[in-house]
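Have a look at the structure below before the remarks.
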Amino acid sequence: MSIRVTAVGVVLGAALWATGARAERLVAPPRPGQIGLCAQGLYGSLLKSGEFGRDFSSGPGLAVQLRYRMRYERGFGLSFEAHNFDVRPTATFTDPETGATLTPDSTFAPKKLTLDLYGVDFYQMAGTRTATTRFVSVGAGLAHPVRTLNDNEIDFTGGEDGAYVTLGAGMERFFWQSWAWTIGARYYAVFRNGSTNHDLQAAAGLVFYATL
Numbered sequence: 001m002s003i004r005v006t007a008v009g010v011v012l013g014a015a016l017w018a019t020g021a022r023a024e025r026l027v028a029p030p031r032p033g034q035i036g037l038c039a040q041g042l043y044g045s046l047l048k049s050g051e052f053g054r055d056f057s058s059g060p061g062l063a064v065q066l067r068y069r070m071r072y073e074r075g076f077g078l079s080f081e082a083h084n085f086d087v088r089p090t091a092t093f094t095d096p097e098t099g100a101t102l103t104p105d106s107t108f109a110p111k112k113l114t115l116d117l118y119g120v121d122f123y124q125m126a127g128t129r130t131a132t133t134r135f136v137s138v139g140a141g142l143a144h145p146v147r148t149l150n151d152n153e154i155d156f157t158g159g160e161d162g163a164y165v166t167l168g169a170g171m172e173r174f175f176w177q178s179w180a181w182t183i184g185a186r187y188y189a190v191f192r193n194g195s196t197n198h199d200l201q202a203a204a205g206l207v208f209y210a211t212l
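All residue numbers for the sequence shown refer to the working numbering, where the first residue is 1 and numbers rise by one.
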């Protein structure tokens, strides 16, 4: 009986080892000099403090990023993001032409805010020689607000562009060659018209690294 148990254990161990070895051969983590294209879905919220957070709450978004791997487990990237936020039920707006107060259900009141962000990011990574790379990031860039009205018209009179800084953390899990799932979370401080807006985002998506 013990011999049979031992034999079964050896067979199972060999099978698991072979499976792990095949999985390792399928994964090729990126090296310095490779650039990654990342597409992510987002979901975030604005805190109530700040110019935007007073009237807008939460919603989905989309991000496209370029991530360039550097030496010493560091990285550099460009980020293009669109954060969407639904209007709060308690929001009030002013008609720019008449000065009249608009409630959220008014035809010409905003129903959604989109923050288009264009920036640069710097990454410090760990575990770059394994299938799971972890990272922290800092970034900065420009924030362009666009409001969509209840009649689906785009309001371009929302004011001047602002600036933002961001701090985040996440991971990349490689599953085949240089393809990886990536997840993360970020905090954005958006500055405009003397006000600081606080934007929290969670992200999940796919990244592929290619050699330049």
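No residue lacks a Cβ here, since even glycine has one placed at the ideal position from N, Cα and C.
Since the model is a prediction, treat every value here as computed from it, not as a measurement.
Does the distance from the CB of residue i to the CB of residue j come in under 7 Å?
i, j, result
"Thr132", "Arg192", "no"
"Arg67", "Gly36", "yes"
"Ser137", "Asp121", "yes"
"Asn152", "Thr107", "no"
"Phe80", "Gly59", "no"
"Ala189", "Tyr43", "no"
"Gly50", "Thr196", "yes"
"Val146", "Cys38", "no"
"Ile183", "Ala204", "yes"
"Ala31", "Asp55", "Sequence check: residue 31 is Arg here, not Ala. No. Outside cutoff."
"Leu142", "Asp161", "yes"
"Gly61", "Arg69", "no"
DSSP three-state call for residue i: helix, strand or coil?
i, result
"Asn193", "coil"
"Leu47", "coil"
"Ala204", "strand"
"Ala126", "strand"
"Gly162", "strand"
"Phe52", "coil"
"Asp199", "strand"
"Phe108", "coil"
Report the option in the options whose CA atom is closest to the CA atom of residue i.
i, options, result
"Tyr123", "Met171, Asn150 and Leu47", "Met171"
"Asp105", "Phe93, Thr98 and Thr114", "Phe93"
"Gly77", "Pro29, Phe135 and Val27", "Phe135"
"Pro110", "Phe52, Leu206, Ala189 and Trp179", "Phe52"
"Ser57", "Ala210, Ala204 and Asp199", "Asp199"
"Thr90", "Gln65, Lys48 and Gly162", "Lys48"
"His83", "Thr130, Gly41 and Leu167", "Gly41"
What are the residues that DSSP puts in a beta bridge with residue i?
i, result
"Asn84", "Thr114"
"Thr211", "Gln34"
"Ala169", "Val136 and Ala185"
"Pro29", "DSSP output for Pro29 lists no bridge partner at all."
"Ser79", "Gln65 and Gly119"
"Ser58", "Ser45"
"Arg147", "Leu113 and Asp155"
"Ala39", "Val64 and Leu206"
"Arg74", "Gln124"
"Thr101", "Thr94"
Within 7 Å of any Cβ in chain D, is that where the Cβ of residue i sits?
i, result
"Arg69", "As a matter of chain content, chain D is missing from the structure shown, which is built from one protein chain."
Please check the pair residue i and residue j, which I expect to be a contact at CB under 8 Å, by giving their CB distance rounded to whole angstroms.
i, j, result
"Val27", "Trp176", "7 Å"
"Glu73", "Thr128", "5 Å"
"Val165", "Ala140", "5 Å"
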